[in-house]
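A quick write-up on the structure given underneath.
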Ligand code: DGL
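Residue numbers (our numbering): 1 to 273.
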């Protein structure tokens, strides 16, 4: 049986975690593959954005917030739907949790398999771009490929604003991704890895302002499949779902909450460190 044959047999609760609304792109893939699953969402709004935080600050923060969330939400699987966090502190988070943890890795491998020019772009946060994890991924799967990376906190912010319904000028998206294509051999890029979970939220805007024909790839569906695989290993009981957990005062987060509501996360809850 393949994973898509009978998703209705799946039970359990998944907690999808990110710094802001980006992880909703992963939650959407999980719900699409297994609509009957209980899914909660968590945004570390008190520490957003992760992309400009120091490695030390994130290494300290991530195990603590993960533990606090899991203690409250009691999921069967914890999904770190954030490249910036996963590429830095997946092991640290795993060490403090007694449930399976699924991480997010930039989709370098699939990008390499579809690129015809063998020049790919990787759009991420500055944190993900400088990670040893990302360098190793490229060494392992893109040895014969030229990889051009660009880290942009600005694009994370633009994605949050656009998702919240603001009419962000297209020019802003053009400018945010332009450094990829202005780099040496940038005009040969035919595939761009969206290595931040926020970026699939603005895939249309990026596609509309790209200077040449490119395919955009992300790891959302692969993470969803891995999550279901992990859930399948044991018998689980369905329990609730549909909550959105925040780590800061909800009164400052009305726009984020509206985006979460659109993705089906309605019941607001607070987690404190
Ligand atoms: N969504 C996160 C990622 O996938 C990062 C956003 C942020 O900088 O907080 O990398």
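For every residue, glycine included, the Cβ atom is placed at its ideal position computed from N, Cα and C.
Next on the checklist: So, does the region 241-257 touch the region 41-59, judging by three or more C-beta pairs under 8 Å?
Outcome noted: As far as the Cβ criterion goes, the region 241-257 touches the region 41-59, which means the pair count is three or higher.
Checklist entry - Helix, strand or coil: which one does DSSP assign to residue 17? => result When secondary structure is reduced to three states using DSSP, residue 17 falls in the strand class.
Checklist entry - Less than 7 Å between the CB of residue 19 and some heavy atom of the ligand DGL, yes or no? => result For residue 19, the Cβ falls inside the 7 Å cut-off from some heavy atom of the ligand DGL.
Checklist entry - Mind checking whether residue 48 and residue 23 have CB atoms under 8 Å apart? => result It is not a contact, given that the beta carbons lie outside the stated cut-off.
Next on the checklist: Report the CB separation of residue 273 from residue 143 in whole angstroms; it is logged as a contact under 8 Å.
Outcome noted: Contact flag wrong, Cβ pair sits at about 41 Å.
Checklist entry - Can you list, in chain order, the residues of its chain whose CB lies under 6 Å from that of residue 100, leaving out five sequence neighbours each side? => result The answer, listed in chain order, is 77 and 230.
Checklist entry - Where do the N-terminal and C-terminal ends of the alpha helix (DSSP H) with residue 227 fall, by residue? => result Taken as a continuous stretch (DSSP letters only), the alpha helix (DSSP H) holding residue 227 covers 220-232.
Checklist entry - Since residue 26 contacts residue 220 with CB under 8 Å, what's their CB separation in whole angstroms? => result Contact flag correct, Cβ pair sits at about 5 Å.
Item to check | Inter-residue spacing [alpha-carbon to alpha-carbon] between residue 84 and residue 186 | outcome: So the two alpha carbons sit approximately 24 Å from each other.
Checklist entry - With distances taken between CB atoms, is the gap from residue 116 to residue 190 smaller than 8 Å? => result Yes, these two residues count as a Cβ contact at 8 Å.
Item to check | Cross-strand partners of residue 217 (DSSP beta bridge) | outcome: Residue 217 is bridged by DSSP to 193.
Checklist entry - What span of residues does the beta strand (DSSP E) with residue 140 cover, start to end? => result It is not in any beta strand (DSSP E) - residue 140 instead sits in the alpha helix (DSSP H) that spans 132-141.
Next on the checklist: Between which residues of its own chain and residue 174 is the CB-CB distance below 7 Å, once the five residues before and five after are set aside?
Outcome noted: The answer, listed in chain order, is 209.
Checklist entry - Between residue 201 and residue 163, is the Cβ-Cβ spacing less than 8 Å? => result In this structure, residue 163 lies closer than 8 Å to residue 201 by Cβ.
Next on the checklist: Excluding the 5 residues flanking residue 97 on each side, which residues of the same chain have their C-beta closer than 7 Å to its C-beta?
Outcome noted: So the qualifying residues of the chain are 66, 67, 70 and 78.
Item to check | Terminal residues of the beta strand (DSSP E) in which residue 64 lies | outcome: Careful: residue 64 lies outside any beta strand (DSSP E), inside the alpha helix (DSSP H) at 55-73.
Checklist entry - Looking only at its own chain, which residues have a Cβ that is under 8 Å from the Cβ of residue 267, when we skip the five neighbours before and after it? => result Closer than 8 Å at the Cβ level, and outside the excluded window around residue 267, lie 242, 243 and 244.
Checklist entry - Using the beta-carbon count (16 or more within 10 Å), is residue 165 buried or exposed? => result Residue 165 comes out exposed.
Checklist entry - In chain order, what residues of the same chain have a beta carbon less than 7 Å from the beta carbon of residue 276, not counting five sequence neighbours either side? => result Residue 276 lies beyond the stretch modelled for the chain, which goes from 1 to 273, so this question has no answer here.
Checklist entry - Expressed to the nearest angstrom, what Euclidean distance is found between the alpha-carbon atoms of residue 197 and residue 10? => result Between the alpha carbons of residue 197 and residue 10 lies a distance of about 25 Å.
Checklist entry - Which value, in whole angstroms, describes the spacing of the CA atoms of residue 214 and residue 29? => result The straight-line gap separating the alpha-carbon atoms of residue 214 and residue 29 is approximately 22 Å.
Next on the checklist: Can you look up residue 259 in the DSSP assignment and give me helix, strand or coil?
Outcome noted: In this structure, residue 259 counts as helix in the three-state DSSP scheme.
Next on the checklist: For residue 88 and residue 131, I'd like the C-alpha separation in whole angstroms.
Outcome noted: Spanning the two alpha carbons is a distance of roughly 7 Å.
Item to check | Cβ-heavy atom distance, residue 22 to the ligand DGL, below 7 Å | outcome: Inclusion of residue 22 in the 7 Å shell around the ligand DGL follows from its C-beta lying nearer than that to a non-hydrogen atom of the ligand.
Item to check | Limits of the unbroken alpha helix (DSSP H) element including residue 91 | outcome: It spans 83-96 - the alpha helix (DSSP H) in which residue 91 sits, taken as one unbroken run.
Next on the checklist: Give me the DSSP bridge partner(s) of residue 41.
Outcome noted: Residue pairing of residue 41 in beta bridges, as defined by DSSP: 16 and 244.
Next on the checklist: Cutting at 7 Å between CB atoms, please list the residues of its own chain near residue 233, excluding the five before and the five after it.
Outcome noted: Excluding the 5 residues flanking it on each side, residue 233 has no same chain C-beta neighbour closer than 7 Å.
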